[in-house]
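Asks:
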Amino acid sequence: MIKKKKIAGFLFFIACIFTNYAQTGKIGIGTRSPQSVLDVNGDVSIRKKLYTADASGNPSPGKDGQILVSQGPGLSPVWKTLRVPDYEVNKYYLIFNDSFRDFTVGTNSNGSGTTGQGISFAASNADVSGAIASTDLVPTANFTTLTNSVNRYKEISGLRKQFTVNSTTSTTYFLFETVVQNTGGSSATATTKYACGIFVDDILKSLRINGVTNSNASGFVTHTQIGAVDNLSTGTHTVKVACARLNFINQSGTIGIGSPAASGVTNMNNFMTQSSLKVDVYEIPQNFSPIITP
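In terms of mature numbering (1 follows the signal peptide of the UniProt record, and there is no 0), the sequence shown is residues -22 to -1, 1 to 272.
1) One question on the structure: do K132 and F78 come within less than 7 Å of each other, judged by their Cβ atoms?
2) Would you mind reading off the limits of the beta strand (DSSP E) that contains H74?
3) Starting from the C-beta of G175, find all residues in its chain whose C-beta is less than 6 Å away, skip the five residues before and the five after it, and write them out in chain order.
4) By the three-class DSSP mapping on this structure, what secondary structure does L16 have?
5) Going by beta-carbon coordinates alone, are F74 and F141 separated by less than 7 Å?
6) Span of the alpha helix (DSSP H) holding F99?
7) Hey, how far is the Cα of M250 from the Cα of T113?
8) Touching or not, the segment 228 to 241 and the segment 52 to 62, by the rule of three or more beta carbon pairs under 8 Å?
9) To test your reading of the DSSP string, which unbroken alpha helix (DSSP H) runs of 4 or more residues are found completely within the segment 176 to 252?
10) To the nearest angstrom, how far is the alpha carbon of T169 from that of R223?
11) Among T30, G6 and A33, which has the Cα closest to the Cα of G20?
12) Looking at the structure shown, is F266 part of a helix, part of a strand, or coil, going by DSSP?
13) Suppose you measure from the CA of N86 to the CA of A206; what does that come to, to the nearest Å?
14) From which residue to which residue does the alpha helix (DSSP H) around T123 run?
15) With distances taken from CA atoms, which of T147, K4, G8 and V67 is nearest Y260?
16) Exposed or buried, Q159, counting other C-beta atoms within 10 Å across all chains shown (16 or more means buried)?
17) Going by DSSP in three states, S34 sits in which element: helix, strand or coil?
18) Helix, strand or coil: which one does DSSP assign to residue 277?
19) Specify the secondary structure class of S102 as computed by DSSP and reduced to three states.
20) With distances taken from CA atoms, which of F198, V143, N103 and S237 is nearest T216?
21) Just list the residues that DSSP pairs G6 with in beta bridges.
22) Let me confirm a value: I204 is counted as buried when at least 16 other C-beta atoms fall within 10 Å, else exposed. Which label applies?
23) Leaving out five residues before and five after D179 in sequence, what residues of the same chain have Cβ atoms less than 7 Å from its Cβ?
24) At a cut-off of 6 Å, is F141 close to the ligand COA when judged by its beta-carbon and the heavy atoms of the ligand?
25) DSSP three-state call for L137: helix, strand or coil?
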């Protein structure tokens, strides 16, 4: 008798569902006013596969680890894979990375021109003050002071760029590379000295002094400089590169930094001498963007 009552109750439940469907074209479970073809007001337990139509319209149960994502009204949901990288606490991650260059093609499309980029210094443009390293070329040195009419640092304007720091715990690395050329000199043993600095928000963060030997053959050197700064404030920062010809004796000729020393040289061009700057920001992440947006 009890079994018959259960069967009768189940049949009545099914009959109610189909009666509702016949009246409204919708099936409601736990609701008398279904809002869709199947409206379940309560928990749903699925013990096996859930199929949705794939891009070809074929039923697809998805793959392990995928989630079901809505495509909007009138479209079936699709299975999507979340590409979330592994994250370890207190580890540095490369958050920002970019490279810049100071390059002017000039009159020739292949970059064989010799003007319009970098900076140059005649012998009369040397740093006449002979900046004192112990007091003037320090991490607190100001860009405006070093580029004044006395110290005569010149900016490589094409390398002025902005970058962003998101975490209070970070290390920012700078890689600056250029070619320095001297038009020549009477003494093959004399060396023309120069200095290049990397500035962040107009404050000196890295400086290197180097030299190019005077030569009637318009000699040159490749200048490579790496600098780093820890824990910059969060937000947007500006990086600049500026160089100076230092005031030493036995100097002659003109030097070009990031450009041929003169338009008449034959062993260099804009493409070969162009300057580049690479910025890498490593951070211990503190701010996380949601992987799924509403």
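For each residue, glycine too, the CB sits at the ideal point set by N, CA and C.
Replies: In short, the structure shows the following:
1) Position 154 of the sequence shown, counting from 1, holds the residue named residue 132. Position 100 of the sequence shown, counting from 1, holds the residue named residue 78. No, the pair does not count as a contact, with Cβ atoms beyond the cut-off.
2) If you number the sequence shown from 1, residue 74 lands on position 96. Correcting the residue identity first, residue 74 is Phe in this sequence and not His. Annotation for F74: the continuous beta strand (DSSP E) segment containing it runs Y71 to D80.
3) The residue labelled residue 175 in the question sits at position 197 within the sequence shown. The residues L182, L185 and A220, in chain order, have a CB closer than 6 Å to that of G175 in the same chain once the five nearest residues on each side in sequence are set aside.
4) Within the sequence shown, numbered from 1, the residue matching residue 16 stands at position 38. Correct three-state label for L16: strand.
5) Walking along the sequence shown from the start, residue 74 turns up at place 96. Walking along the sequence shown from the start, residue 141 turns up at place 163. Contact annotation: F74 and F141 have beta-carbon atoms nearer than 7 Å.
6) Counted from its first residue, the sequence shown places residue 99 at position 121. For F99, there is no enclosing alpha helix (DSSP H); the residue is part of the beta strand (DSSP E) that begins and ends at I97 to F99.
7) One-based indexing of the sequence shown puts residue 250 at position 272. One-based indexing of the sequence shown puts residue 113 at position 135. Cα to Cα, M250 sits roughly 35 Å from T113.
8) Contact between the segment 228 to 241 and the segment 52 to 62 is absent: fewer than three C-beta pairs spanning the two stretches fall below 8 Å.
9) The segment 176 to 252 contains these whole alpha helix (DSSP H) runs: 248 to 251.
10) Counted from its first residue, the sequence shown places residue 169 at position 191. Counted from its first residue, the sequence shown places residue 223 at position 245. Going by the C-alpha atoms only, they are around 11 Å apart.
11) What you label residue 20 is simply residue 42 of the sequence shown in a count that begins at 1. Minimum Cα distance to G20 is reached at G6.
12) Within the sequence shown, numbered from 1, the residue matching residue 266 stands at position 288. Three-state result, F266: coil.
13) Reading the sequence shown from its first residue, position 108 is the one you call residue 86. Reading the sequence shown from its first residue, position 228 is the one you call residue 206. Interpretation of N86 is limited by its pLDDT of 49, a score under 50 that renders its predicted location unreliable; no figure is taken from the coordinates.
14) Indexing the sequence shown from 1 puts residue 123 at position 145. F121 to L124 is the extent of the alpha helix (DSSP H) around T123.
15) As a first step, residue 260 is located in the sequence shown; it is residue number 282 there, counting from the start. Cα-wise, what sits closest to Y260 is T147.
16) Locating residue 159 in the sequence shown gives position 181, counting from the first residue. Buried.
17) Within the sequence shown, numbered from 1, the residue matching residue 34 stands at position 56. Of the three classes helix, strand and coil, the one that applies to S34 here is coil, per DSSP.
18) The requested residue 277 does not occur in the structure, where the chain is confined to residues -22 to 272.
19) The residue labelled residue 102 in the question sits at position 124 within the sequence shown. S102: helix per DSSP, three-state reduction.
20) For this step, residue 216 is matched to residue 238 along the sequence shown. Of the listed residues, the one whose Cα sits closest to T216 is V143.
21) Looking up residue 6 in the sequence shown gives position 28. Beta-bridge pairing links G6 to D17.
22) As a position in the sequence shown, residue 204 is number 226, starting the count at 1. Classification for I204: exposed.
23) Position 201 of the sequence shown holds residue 179. Listed in chain order, the non-local C-beta contacts of D179 below 7 Å within the same chain comprise H215 and T216, local neighbours out to five positions each way being set aside.
24) Among the components of this structure there are no ligands whatsoever, and the ligand COA is therefore not found.
25) Reading the sequence shown from its first residue, position 159 is the one you call residue 137. In the structure shown, the three-state DSSP call for L137 is helix.
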